[in-house]
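Inspection log for the structure reproduced underneath, given as structure tokens.
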Amino acid sequence: MRCGLQPELRDRGATAVEYAIILAAIAAVIFATVAALGIKVSDFFTTAEGLFP
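Residue 18 in my numbering sits at position 18 of the sequence shown, and the numbers go up by one each step.
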């Protein structure tokens, strides 16, 4: 009985690690995007704000 459960438990552990790696990659992409575009977006809104009386 125990031998039948081990592959399932191993697969579940591997899946958790895979999801953690995917989540870390997505977080890195989001961080890089915000870092690259953050100042440009801020400057855009500052310029747009100056156009209104």
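Glycine is no exception: its CB is placed at the ideal position from the N, C-alpha and C atoms. All of these numbers come straight from a predicted model, not from anything done at the bench.
Inter-residue spacing [alpha-carbon to alpha-carbon] between residue i and residue j
i, j, result
"S42", "P53", "19 Å"
"A32", "A25", "11 Å"
"A35", "A28", "10 Å"
"A48", "A14", "49 Å"
"I39", "F45", "10 Å"
"I30", "L51", "30 Å"
"A20", "L37", "26 Å"
Assigned secondary structure, residue i (DSSP; H/G/I helix, E/B strand, else coil)
i, result
"M1", "Because the pLDDT at M1 is just 49, under 50, the model does not fix this residue reliably, and the point stays unresolved."
"F44", "helix"
Cβ of residue i within 8 Å of any chain B Cβ
i, result
"A28", "Of the chains in the structure shown, none is chain B; there is only one protein chain."
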